[in-house]
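Following the working numbering, the residues of the sequence shown are numbered contiguously, the last one being 309.
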Amino acid sequence: MADKNRNRPIGVFDSGLGGLSAVREIRSLLPAEDLIYFGDTGRVPYGTRSRETIRRYAAQDIRFLLSHADCKAVVVACGTVSANALDMLRENNDIPIIGVIDPAVEAAARATKNGNIGIIATPSTIASGAYEQALLAQNPDFRVTSQACALFVPLVENGFVDADDPIPRLTAERYLAPIKESGADTLILGCTHYPLLSAVISAVLPDVTLIDTGYEAAQSLAKLLSEREMQTPTAPPGTSRFYVSDEPQGFAHAASRFLGLSENEPLPTVERVNIAAY
Ligand code: DGL
32 MADKNRNRPI GVFDSGLGGL SAVREIRSLL PAEDLIYFGD TGRVPYGTRS RETIRRYAAQ
92 DIRFLLSHAD CKAVVVACGT VSANALDMLR ENNDIPIIGV IDPAVEAAAR ATKNGNIGII
152 ATPSTIASGA YEQALLAQNP DFRVTSQACA LFVPLVENGF VDADDPIPRL TAERYLAPIK
212 ESGADTLILG CTHYPLLSAV ISAVLPDVTL IDTGYEAAQS LAKLLSEREM QTPTAPPGTS
272 RFYVSDEPQG FAHAASRFLG LSENEPLPTV ERVNIAAY
């Protein structure tokens with residue numbers, strides 16, 4: 032039966048900017064949907080924190096979204112939260128919640144030809160073993176090589192993303208050496224910040240298929256809305272509202288870049304919230 036409130040917004044959150052890679056894909060796949068985004072810029076990065084802290088932050092993030100908007104679904108556009116807190120978020124909230132792990136793993140399983148798959152993600156995501164377990168549950172014969180890349184998130188947050196810049200290039204060469212040696216033909220970018228480093232990663236691993244978690248999560252959301260007849264009946268374009276937990280100005284500029292807005296389009300409006308109060 033169709034959802035009576037199909038025009039409710041979709042909530043999306045991440046520790047910072049990275050989840051905007053999912054927002055870009057959602058806006059292109061589902062242009063009529065209204066979105067509300069929270070980026071926890073005051074507490075980024077999550078990926079070097081304990082599981083307990085990540086779960087506490089994630090509970091506050093979703094409480095903020097659901098207290099601000101009657102969301103019909105939430106996309107956890109963060110590999111670190113998906114790996115460490117998705118079970119808890121699903122138990123405590125009565126709406127569909129999409130994480131990035133299962134969609135990315137299914138895409139990697141479809142893409143690989145030699146069954147040899149690499150995963151790069153934040154240290155806490157790699158420590159959780161979540162991607163690896165999900166891949167081996169798909170096919171126990173997969174060979175999986177995991178690598179934590181702690182410096183990638185600060186590089187992205189600070190705009191060091193060009194393939195010809197020696198700083199991200201050398202960092203990527205160091206982190207990706209074990210993936211190169213493993214002979215993986217497919218690499219899951221297990222953190223939603225990493226698609227911004229795609230050019231750098233592809234320069235180091237030219238023959239490897241990259242799996243973009245934000246893109247796959249957006250595909251999974253589109254499928255869910257269609258199967259449950261939850262798509263908004265309103266005409267595009269939908270609205271996007273952005274909230275952060277620190278200074279909004281820098282985020283507005285970065286969001287405009289991430290979302291591919293032209294120079295003539297106004298910067299998105301970004302409001303600051305006190306996330307500790309949620
Ligand atoms: N973008 C997030 C992820 O997918 C988190 C990065 C971080 O805060 O460390 O893992």
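Yeah, the Cβ is synthetic: ideal placement off N, Cα and C, and Gly gets one too. None of these values were measured; they are calculated from a predicted model.
Closest by C-alpha distance to residue i, when choosing among the options
{"i": "ASP216", "options": "THR176, ARG121, SER159, LEU252", "result": "THR176"}
{"i": "ASN36", "options": "LEU120, ALA249, ARG121, ARG259", "result": "ARG259"}
{"i": "ALA230", "options": "LEU252, ALA248, PRO197", "result": "PRO197"}
{"i": "ASP45", "options": "LEU60, ILE129, ASP65", "result": "ILE129"}
{"i": "SER248", "options": "PRO268, PRO209, TYR88, VAL136", "result": "The amino acid at residue 248 is misidentified as Ser; the sequence shows Ala. Of the listed residues, the one whose Cα sits closest to ALA248 is VAL136."}
{"i": "ARG288", "options": "PHE173, VAL192, ALA142", "result": "VAL192"}
{"i": "PRO127", "options": "THR153, VAL43, ALA285", "result": "VAL43"}
{"i": "ARG200", "options": "CYS180, GLY214, SER213", "result": "CYS180"}
{"i": "PHE183", "options": "ILE157, ALA152, SER213", "result": "ALA152"}
{"i": "LEU186", "options": "VAL301, ILE232, PRO134", "result": "ILE232"}
{"i": "LYS103", "options": "ASP65, GLY70, ALA234", "result": "ASP65"}
{"i": "ALA308", "options": "TYR88, GLY49, THR240, GLY149", "result": "TYR88"}
Residues bridged to residue i (per DSSP)
{"i": "VAL175", "result": "ILE148"}
{"i": "SER271", "result": "LEU66"}
{"i": "ASP243", "result": "LEU220"}
{"i": "ILE129", "result": "VAL106"}
{"i": "ARG86", "result": "BP columns for ARG86 are empty, so no partner."}
{"i": "ARG303", "result": "VAL275"}
Where residue i falls: helix, strand or coil (DSSP)
{"i": "MET32", "result": "Because the pLDDT of MET32 is 49, which lies under 50, any placement of that residue in the model is unreliable, and the number read from its coordinates should be weighed accordingly. The answer is coil: DSSP assigns MET32 none of H, G, I, E or B."}
{"i": "PHE44", "result": "strand"}
{"i": "ILE198", "result": "helix"}
{"i": "ASN123", "result": "helix"}
{"i": "PRO111", "result": "It is Thr, not Pro, that sits at residue 111 in the sequence shown. Reduced to three states, the DSSP call for THR111 is helix."}
{"i": "PRO209", "result": "helix"}
{"i": "ASP238", "result": "coil"}
{"i": "THR265", "result": "coil"}
{"i": "TYR225", "result": "helix"}
Cβ distance (whole Å) where residue i is taken to contact residue j below 8 Å
{"i": "LEU256", "j": "GLN250", "result": "Not really, about 11 Å apart at Cβ, beyond 8 Å."}
{"i": "GLY110", "j": "THR223", "result": "6 Å"}
{"i": "GLN178", "j": "TYR206", "result": "6 Å"}
{"i": "THR143", "j": "GLY221", "result": "The Cβ separation is near 15 Å, so there is no contact."}
{"i": "ALA285", "j": "PHE273", "result": "The pair is not a contact, with the Cβ atoms about 10 Å apart (cut-off 8 Å)."}
Would you call the stretch 77-90 and the stretch 276-289 in contact, with 3 or more CB pairs under 8 Å? Contact fails between the stretch 77-90 and the stretch 276-289, because fewer than three Cβ pairs, one in each stretch, are under 8 Å apart.
Below 8 Å, how does it come out for the stretch 185-200 and the stretch 155-172: are there three or more Cβ pairs, yes or no? In short, these stretches do not touch, since the Cβ pair count stays below three.
Taking contact to mean 3 or more Cβ pairs, one atom from each stretch, closer than 8 Å, check whether the stretch 110-127 and the stretch 57-74 are in contact. Contact between the stretch 110-127 and the stretch 57-74 is absent, because fewer than three Cβ pairs lie under 8 Å.
Stretch-stretch touch, CB-based, cutoff 8 Å, three pairs: the stretch 282-297 with the stretch 85-94: Contact fails: fewer than three Cβ-Cβ distances are below 8 Å.
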